[in-house]
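Participant: I'd like to ask some things about the structure below.
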Amino acid sequence: MTSLMWFRDDLRLHDNQALSRAAEAASLGDAPLVAVVLDEPAYPGTRPLGGATTWWRERSLYALAHDLAGHGPLREVDATVKETLASQGITATSSPGFTLVEPWEVTNGQGQPYKVFTPFSKAAASQVAGDEPEGVPEMGASASSASAWPKPTEPAWAASLAEHWTPGEAGARERLAQLDLANYAEERDIPALNATSLLSPHLRFGEVSPREVWFAAAEEPEAAKFHSELLWRDFAWHRLYHLPNLATENVRERFDRFDWSWDNPRLKDWQAGTTGIPLVDAGMRELWATGYMHNRVRMVVGSFLTKNLGIHWRLGEEWFWDTLVDADAASNPFNWQWVAGCGDDAAPFFRIFNPETQAKRFDPDGEYVRRWAPALSAPPIVDLQESRQAALDAYAEIKD
Ligand code: FAD
Numbered sequence: 193m194t195s196l197m198w199f200r201d202d203l204r205l206h207d208n209q210a211l212s213r214a215a216e217a218a219s220l221g222d223a224p225l226v227a228v229v230l231d232e233p234a235y236p237g238t239r240p241l242g243g244a245t246t247w248w249r250e251r252s253l254y255a256l257a258h259d260l261a262g263h264g265p266l267r268e269v270d271a272t273v274k275e276t277l278a279s280q281g282i283t284a285t286s287s288p289g290f291t292l293v294e295p296w297e298v299t300n301g302q303g304q305p306y307k308v309f310t311p312f313s314k315a316a317a318s319q320v321a322g323d324e325p326e327g328v329p330e331m332g333a334s335a336s337s338a339s340a341w342p343k344p345t346e347p348a349w350a351a352s353l354a355e356h357w358t359p360g361e362a363g364a365r366e367r368l369a370q371l372d373l374a375n376y377a378e379e380r381d382i383p384a385l386n387a388t389s390l391l392s393p394h395l396r397f398g399e400v401s402p403r404e405v406w407f408a409a410a411e412e413p414e415a416a417k418f419h420s421e422l423l424w425r426d427f428a429w430h431r432l433y434h435l436p437n438l439a440t441e442n443v444r445e446r447f448d449r450f451d452w453s454w455d456n457p458r459l460k461d462w463q464a465g466t467t468g469i470p471l472v473d474a475g476m477r478e479l480w481a482t483g484y485m486h487n488r489v490r491m492v493v494g495s496f497l498t499k500n501l502g503i504h505w506r507l508g509e510e511w512f513w514d515t516l517v518d519a520d521a522a523s524n525p526f527n528w529q530w531v532a533g534c535g536d537d538a539a540p541f542f543r544i545f546n547p548e549t550q551a552k553r554f555d556p557d558g559e560y561v562r563r564w565a566p567a568l569s570a571p572p573i574v575d576l577q578e579s580r581q582a583a584l585d586a587y588a589e590i591k592d
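Read in order, the letters of the sequence shown correspond to residues 193 to 592 in our numbering.
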């Protein structure tokens, strides 16, 4: 019987348990292994991809088709194939590998999901130990060696994304090989330095497994801090699994009464990086140019949008969803709710980042701001002190 491998958010050959099982089944049955993707970039029940992730996925699939070429072509099949298989009584099995630990497998002493990161991370970390990640499975050779997968055309708007990233497993493995955590704990908050792994979009598309990243980092001096960041990713998926409306509903219901604005024209200034606040504008321009923004600056622009401008976090989340190459169904809404203060285990609402103080602390020489926003045109669109006070007053109205 033919062994069918359906690639979704696991666009890699290394440490891909589903692929290993499919290759094993094919070789046992002396049958062909057929690799497919469905022509449904958004799986039923999930959000359609944004612009930047669509760009990434097209290139990642092209790279995968190339990597698979010696073993048989990658085929795109109609989404209805799933129903056809089901109606013929053919069962599909899925394999773990997108997160370190499956979101439903971590529970507290009462068998309940975790709402707080620290105990979750301890429980999840204790389950990561085990066998080293797998290599590329033996898949046998195919007569067809050339890949017929069409090369994606480069839209003009994405030219600068292509300068910054190499979607696909080879690009992911190159980044992984460069992992250097010698000063990670001290330098990961400095946006001018390339002190973080830049693996997020590769993890987003499963071009490298989080287990492989975990084990690679374990060899490094500051593994604990880095492991904890990987566990935040798992925690976001754990929360999304238990809160499927994470992208649309405040986790803390009292925030339903918070008077966030949906039609503030300043949203456009925020998106374009023309707020007149240097660190915010630099971050938003980095995002537009590269599809990425440094984590510290994501927190600053998120706080500025939701607190100083009083705009609903969902509008910020949607902009990130469209523009980030690592836009992720769990991490994006989870972190937005964290920044806005309405998630569980979130930053308290009254912790309002002052972008000027943040710039002094994390970009003291102004290197990051000069790189992305060398010339500021306009005065600030909002007074930081007054808007901070207005946010605190609005919060006082909904506090329990
Ligand atoms: P590193 O510091 O090298 O960390 C290693 C890996 O750990 C990352 O690749 C990522 O997979 C994971 N990680 C690190 N920090 C976090 C975090 N706070 N939450 C979840 N996982 C984390 N990350 C996304 O992958 N997709 C998103 O859509 C996303 N949206 C965000 C929105 C906001 C408002 C904020 C504040 C953060 C968001 N993040 C998101 C988290 C974080 O900013 C990025 O994961 C990180 O900047 C990626 O850079 P890196 O790979 O160099 O990280």
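Every residue gets a Cβ at the ideal spot worked out from N, C-alpha and C, and that includes glycine.
In chain order, what residues of the same chain have a beta carbon less than 6 Å from the beta carbon of residue 497, not counting five sequence neighbours either side?
Facilitator: 462, 503 and 508
Participant: Following a CB-centred definition, is residue 407 positioned closer than 8 Å to any heavy atom of ligand 1?
Facilitator: no
Participant: Any chance you could list the residues with Cβ under 6 Å from a heavy atom of ligand 1, keeping chain order?
Facilitator: 380, 388, 389, 390, 391, 392, 395, 396, 421, 422, 424, 425, 428, 487, 490, 491, 494, 512, 516, 518, 519, 520, 523, 524, 527, 528 and 531
Participant: If the criterion is Cβ atoms closer than 9 Å, does the pair residue 419 and residue 406 meet it?
Facilitator: yes
Participant: If you draw a straight line from the C-alpha of residue 578 to the C-alpha of residue 345, how long is it?
Facilitator: Going by the C-alpha atoms only, they are around 48 Å apart.
Participant: Using a Cβ-Cβ cut-off of 8 Å (strictly less than) and excluding sequence neighbours within five positions of residue 449, which residues of its own chain qualify?
Facilitator: Closer than 8 Å at the Cβ level, and outside the excluded window around residue 449, lie 589 and 590.
Participant: Just the Cα atoms here: how many angstroms apart are residue 197 and residue 206?
Facilitator: 14 Å
Participant: Going by DSSP, what residue range makes up the beta strand (DSSP E) through residue 200?
Facilitator: Annotation for residue 200: no beta strand (DSSP E) segment contains it, and DSSP assigns it neither H nor E.
Participant: By how many angstroms is the C-alpha of residue 443 removed from the C-alpha of residue 479?
Facilitator: 27 Å
Participant: Excluding the 5 residues flanking residue 568 on each side, which residues of the same chain have their C-beta closer than 7 Å to its C-beta?
Facilitator: Here the set comprises 468, 470 and 473.
Participant: Using only CA atoms, which one of 421, 385 and 533 lies nearest to residue 559?
Facilitator: Nearest C-alpha to residue 559 among 421, 385 and 533: 385.
Participant: Throw me the rounded Cβ distance for the residue 383 and residue 512 pair, which I believe falls under 8 Å.
Facilitator: Not quite, the Cβ-Cβ distance comes to about 16 Å (not below 8 Å), so this is no contact.
Participant: So if DSSP puts residue 227 in a beta bridge, which residue, or which two residues, is it bridged to?
Facilitator: Bridge partners of residue 227: 197 and 266.
Participant: Using only the alpha-carbon positions, how far apart do residue 369 and residue 574 sit?
Facilitator: Going from the Cα of residue 369 to the Cα of residue 574 covers about 44 Å.
Participant: I'd like to know if the region 257-264 and the region 216-233 are in contact, where contact means that at least 3 CB-CB pairs between them fall below 8 Å.
Facilitator: Per the Cβ contact rule, the region 257-264 is in contact with the region 216-233 (3 or more Cβ pairs under 8 Å).
Participant: For residue 218, which of 426, 531 and 329 has the nearest alpha-carbon?
Facilitator: 329
Participant: For residue 503, does the three-state DSSP call read helix, strand or coil?
Facilitator: strand
Participant: Report the three-state DSSP secondary structure of residue 495 (helix, strand or coil).
Facilitator: helix
Participant: Using the three-state DSSP reduction, which class does residue 523 fall into: helix, strand or coil?
Facilitator: helix
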